[in-house]
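A.B. asks:
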Amino acid sequence: MCTMIATQIKVAGSGKAGNGWFTLGEANVSYDHPFEAPFEHALSLDFVNEALGPSARVSVELDVASARQLVDTINAILAKADSGGYIVE
Amino acid sequence: MQYATNQYEGMIAETIVIPGHNGDPIGAYVARPLGPGPFPAIVVIHHMPGWDEWYREVTRKFAHHGYIAISPNLYHRAGHGIPEDIAVQVRAAGGVPDDQVVGDVAGALAYAVAQPTCTGKVAVFGTCSGARHAYLAACRAPGFAAIINCWGGRVTMEPQELSPNQPVAPIDYTKDLACPVLGIFGEEDFGPTPPQVALLEQALIAHGKTYEFHMYPDAGHGFFYYDRPAYRQAQAMAGWKQIWAFLAQYVG
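Here the protein sequences line up with chains E and S, keeping their order. Residues are numbered in the working numbering as their position in the first sequence, beginning at 1, plus a constant of 207. Residues are numbered in the working numbering as their position in the second sequence, beginning at 1, plus a constant of 846.
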């Protein structure tokens, strides 16, 4: 755990892994060594369901520019949906 | 050691269960040379990505060089699956508690010295977070004859980095260290950075400890990992030479 920069949030939704769709329980967000991406550090998103066991996991590892662009894009999309009256919370 | 082409060589490598911290059963991967010995031993502490294939290979590499090598699964309590799935779970939980790690490594040390073919001299090796854990164990679990710290991150820690699972910076235990230290580092590493390595060196000097550090140019974090872009062939081979020489000097 060379940075230990990680946090977990509860999420609701579904994720698709090798065995098909499963109900999400948590998202782990970290900035640490990736397992696969060719960077020393990566912004990792692991969508998991701990109640289903460790293999219930959908993972992405992004470089910093991609991660920032993703955050901006998600916020922009949500703002557009909100302004269109599509979001009811 | 180098085997001659007409010399017998064999090893057994297998997973076993050993008592870890508080006597909890934990998995361990053991590779030991065949033959009467006696053999020195080494505890091989896995890195953040988990109890994975690279650590299996390194454990066997130590056995090939004449050491009883044991690699405890520090993530055993997090459940079982492929190593990176378990590592993700452990990372989200804030890492494994330092006290638990020390207990698990002490269990591996006890297993090693209890082997009838063991000389009783045991080193501890780790990379990345495994080197941080190796340093903690060398300071807090009596009995190690040498420690090999390969680019251990967060041995020095800022106050804001301390957490319930890691409440004390390993460098603060340096006064209790009772064995020589080999340090292998890369100049381009972001953790530990060269200034952080210098802080550790200053602590070792201040407490009168025996150590040797090797800082390699054009190398960053994890430059032994042949499966990662960080791999640096020349620096990795030079580092391994230092490891074999250090072990021969202090462990046998």
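Yeah, the Cβ is synthetic: ideal placement off N, Cα and C, and Gly gets one too. Note that the structure is predicted; figures quoted are calculated from it, not measured.
Bridge partners of residue 235/E, per DSSP?
C.D. replies: BP columns for residue 235/E point to 215/E, 253/E.
A.B. asks: Could you pull out every unbroken alpha helix (DSSP H) segment of at least 4 residues lying fully inside the stretch 962-1012 of chain S, listed in chain order?
C.D. replies: 975-986, all fully within the stretch 962-1012 of chain S.
A.B. asks: Residues of the stretch 255-287 of chain E with a CB closer than 9 Å to any CB of chain S: list them in chain order, please.
C.D. replies: Hits within the stretch, in order: 255, 257, 260, 261, 262, 263, 264, 266.
A.B. asks: Kindly list the residues whose CB is nearer than 6 Å to the CB of residue 975/S, restricted to its own chain and excluding five residues on each side of it in sequence; keep chain order.
C.D. replies: Within the same chain, residue 975/S has close Cβ partners 893, 894.
A.B. asks: In the DSSP assignment, what residue or residues form a beta bridge with residue 873/S?
C.D. replies: Its beta-bridge partners are 863/S.
A.B. asks: Can you name the residues of chain E whose CB is closer than 9 Å to the CB of residue 932/S?
C.D. replies: By Cβ distance, chain E contributes 261.
A.B. asks: For a contact defined as C-beta to C-beta under 7 Å, what are the partners of residue 1075/S on chain E?
C.D. replies: Here the neighbours are 245.
A.B. asks: Thinking residue 235/E and residue 934/S are a contact (beta carbons under 8 Å), I'd like their distance in whole angstroms, please.
C.D. replies: Going by Cβ atoms, the distance from residue 235/E to residue 934/S rounds to 6 Å, so yes, they are a contact pair.
A.B. asks: Find the nearest neighbour of residue 883/S within the set 898/S, 855/S, 973/S, judged by alpha-carbon distance.
C.D. replies: The option with the nearest alpha carbon to residue 883/S is 855/S.
A.B. asks: Residues in the stretch 1052-1071 of chain S with C-beta within 8 Å of chain E's C-beta atoms, listed in sequence order?
C.D. replies: So the list reads 1066, 1067, 1068, given in the order they occur along the chain.
A.B. asks: Unbroken alpha helix (DSSP H) runs of length 4 or more, entirely within the stretch 1030-1098 of chain S: which are they?
C.D. replies: Entirely contained in the stretch 1030-1098 of chain S, the alpha helix (DSSP H) runs reaching 4 residues are, in chain order, 1040-1052, 1079-1096.
A.B. asks: Flag this pair as yes or no: are the beta carbons of residue 240/E and residue 214/E separated by less than 9 Å?
C.D. replies: No. Outside cutoff.
A.B. asks: By the criterion of Cβ-Cβ separation under 9 Å, what are the contact partners of residue 239/E in chain S?
C.D. replies: The contacting residues are 894, 937.
A.B. asks: For residue 230/E, which residues does DSSP report across the bridge?
C.D. replies: For residue 230/E, which the question treats as bridged, DSSP gives the partners 221/E.
A.B. asks: Quick one: which chain S residues come within Cβ less than 8 Å of residue 289/E?
C.D. replies: Within 8 Å Cβ-Cβ: nothing; residue 289/E doesn't reach chain S, min ~30 Å.
A.B. asks: Starting from residue 923/S and walking both ways along the alpha helix (DSSP H), at which residues does that stretch end?
C.D. replies: Unbroken run through residue 923/S: none, as it is neither H nor E.
A.B. asks: Checking contacts by CB at 9 Å: is residue 1091/S closer than that to chain E?
C.D. replies: Chain E contact via Cβ: absent.
A.B. asks: Any C-beta of chain E within less than 8 Å: which residues of the stretch 994-1015 of chain S qualify?
C.D. replies: Correct list: 999, 1000, 1007, 1009, 1012.
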